[in-house]
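Numbered per this note's numbering, the sequence shown spans residues 280 to 583.
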Amino acid sequence: MQSYSIGESGKPWNNEHKAQWLAEQSVKRSYNDEVLAKLPTSLKGFKVVQYGALPYDVDRYPLHAVVSDSMSQTKPSILVTGGVHGYETSGVQGALHFINNEMALYASRFNIVVVPCVSPWGYETINRWDPLALDPNRSFFADSPAPEAAQIMAFLASLDTTFLAHIDLHETTDTDNSEFRPALAAREGTVNHNWNIPDGFYTVADSQRPQLEFQKAVVEAVSQVTHIAPADEEGRLIGEPIQSEGVICYDKKKLHLCGGMTDAPYVTTTEVYPDSPNATPQICNKAQVAAICGALDFILAANI
280 MQSYSIGESG
290 KPWNNEHKAQ
300 WLAEQSVKRS
310 YNDEVLAKLP
320 TSLKGFKVVQ
330 YGALPYDVDR
340 YPLHAVVSDS
350 MSQTKPSILV
360 TGGVHGYETS
370 GVQGALHFIN
380 NEMALYASRF
390 NIVVVPCVSP
400 WGYETINRWD
410 PLALDPNRSF
420 FADSPAPEAA
430 QIMAFLASLD
440 TTFLAHIDLH
450 ETTDTDNSEF
460 RPALAAREGT
470 VNHNWNIPDG
480 FYTVADSQRP
490 QLEFQKAVVE
500 AVSQVTHIAP
510 ADEEGRLIGE
520 PIQSEGVICY
530 DKKKLHLCGG
540 MTDAPYVTTT
550 EVYPDSPNAT
560 PQICNKAQVA
570 AICGALDFIL
580 AANI
């Protein structure tokens with residue numbers, strides 16, 4: 280349990296509290312230098328498209344995706360998303376690494392859509408929320424008030440394709456307990472109870488379509504790069520029961536998560552632990568790439 284500096288105990292935030300929170304945020308890194316500059320200027324079989332821009336600053340926060348040149352009706356379509364929570368760095372950098380190094384290897388077998396940074400304001404300010412104090416990863420529903428969620432959903436709908444798989448790249452960090460969960464409890468006027476931060480990688484499957492063999496393949500691929508989070512003494516990770524090694528489930532549509540925004544039968548949310556003494560930023564980035572490749576390799580091997 281931890282208090283927070285903004286708000287009144289037991290009362291949800293009002294607009295003044297949200298404005299106070301926003302005033303305390305500051306830019307700590309460059310979306311332009313660390314994300315946009317790493318997008319390929321030319322990549323055979325793919326194009327970079329701007330699908331929108333965040334209304335907070337349309338020039339500073341254009342939204343980009345890398346998409347197969349043509350969405351073939353004879354190939355399965357694959358979606359990769361990073362940076363839904365902007366502070367989760369390896370999701371963004373791992374997606375960019377995949378774009379620039381591995382994606383072409385799969386171009387002949389899949390239609391591929393990669394959105395490396397869904398929440399660029401959150402990336403720059405190292406934040407879970409957007410400037411409206413909304414969590415984009417609880418905002419994937421019709422008429423979403425979060426432009427990060429609303430604009431990517433509109434973009435994907437415009438592609439007029441059915442996705443076979445969606446790999447959503449995330450991290451679980453120590454700041455979940457030190458900052459983001461206390462802030463959430465304060466915003467909602469509830470009591471915060473911290474969870475145990477798992478030391479290692481795990482995935483979150485969709486409880487409505489868990490596809491455990493698919494999840495196991497992702498975990499196995501990542502285990503070649505970094506360690507898999509062990510269950511706690513109750514057989515859980517972040518309070519959820521273990522389904523198999525390094526795998527838990529959430530109802531993604533019910534929670535309005537990014538991983539629930541399509542009807543893809545194969546969905547996984549990766550969770551890398553960058554604060555582990557046994558991890559580095561490079562290891563975390565490689566783990567995200569391994570998760571993507573492990574997912575695609577499973578689909579190819581299973582001839583789905």
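Every residue, glycine too, gets a C-beta built ideally from N, C-alpha and C.
Just to confirm, is the Cβ distance from residue i to residue j under 8 Å?
i, j, result
"Ser398", "Gly370", "no"
"Gln304", "Asn456", "no"
"Leu516", "Asn416", "no"
"Val328", "Ala316", "no"
"Thr548", "Asp447", "yes"
"Lys307", "Thr404", "yes"
"Val483", "Tyr529", "yes"
"Tyr310", "Gln430", "no"
"Ala425", "Leu411", "yes"
"Ile507", "Phe480", "yes"
"Thr452", "Asp576", "no"
"Gly539", "Phe419", "yes"
"Ala332", "Leu318", "no"
"Cys396", "Val337", "no"
Helix, strand or coil for residue i per DSSP?
i, result
"Ala298", "helix"
"Tyr310", "helix"
"Ala510", "coil"
"Gly479", "coil"
"Ser502", "helix"
"Arg339", "coil"
"Leu411", "coil"
"Glu221", "The structure shown does not extend to residue 221, since the chain is modelled only from 280 to 583, so the question has no answer here."
"Pro489", "coil"
"Pro291", "coil"
"Lys326", "strand"
"Pro560", "helix"
"Asp576", "helix"
"Ile357", "strand"
"Met280", "At Met280 the pLDDT is 44, less than 50, meaning the model places this residue with poor confidence; the figure from the coordinates comes in the next sentence. Reduced to three states, the DSSP call for Met280 is coil."
"Ile285", "coil"
Out of the options, which has the shortest C-alpha to C-alpha gap to residue i?
i, options, result
"Gly514", "Lys531, Leu534 and Asn475", "Asn475"
"Phe434", "Ala412, Asn416, Leu358 and Thr469", "Leu358"
"Ser351", "Ile391, Gly331 and Asn473", "Ile391"
"Thr559", "Ala425, Glu450 and Gly401", "Glu450"
"Tyr283", "Trp300, Gln561 and Tyr340", "Trp300"
"Lys297", "Cys396, Gln494 and Glu467", "Glu467"
"Ser347", "Val314, Tyr366 and Ala383", "Ala383"
"Thr505", "Gly518, Glu550 and Ile527", "Glu550"
"Ala580", "Glu313, Phe493 and Ile527", "Phe493"
Buried or exposed: which applies to residue i, given that a residue is buried once 16 or more other Cβ atoms fall within 10 Å of its Cβ?
i, result
"Asn582", "exposed"
"Thr326", "Checking the sequence, you will find Lys at residue 326 rather than Thr. Label assigned to Lys326: exposed."
"Asn564", "buried"
"Gly289", "exposed"
"Lys531", "buried"
"Asp414", "buried"
"Tyr335", "exposed"
Run the proximity test for residue i: is its beta-carbon closer than 7 Å to any non-hydrogen atom belonging to the ligand ZN?
i, result
"Val337", "Summarising the ligand content, the structure contains no ligands, and the ligand ZN is consequently not present."
- Is it true that the segment 377-396 meets the segment 566-579, where meeting means three or more beta-carbon pairs spaced less than 8 Å apart? yes
- Query: With a cut-off of 8 Å, do at least 3 Cβ pairs link the segment 434-446 to the segment 540-556?
  - Reply: yes
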